[in-house]
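Okay, so here's the structure we're looking at.
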Amino acid sequence: MDFADGEAKHETLCLKFKSSDIAKRFVKQFNEAKQATIKA
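34 is the number of the first residue of the sequence shown in the numbering used here; add one for each residue after it.
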């Protein structure tokens, strides 16, 4: 969610990685951070 303009709106993030291994590491770390945020 982007709240920069005062109203919440959904945004899409698009990334391109050099290799599938790097992409897999990113997804793993992103999901771990998301779970840590939910628990906080």
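Every residue gets a Cβ at the ideal spot worked out from N, C-alpha and C, and that includes glycine.
Glu44 and Asp35 have their C-alpha atoms some 7 Å from each other. For Ala56 against Phe50, the beta-carbon gap comes to about 4 Å, under 8 Å, which counts as contact. For Thr70, the enclosing alpha helix (DSSP H) has its first and last residue at Ser53 to Lys72. For the pair Val60 and Thr70, the Cα-to-Cα distance works out to about 15 Å.
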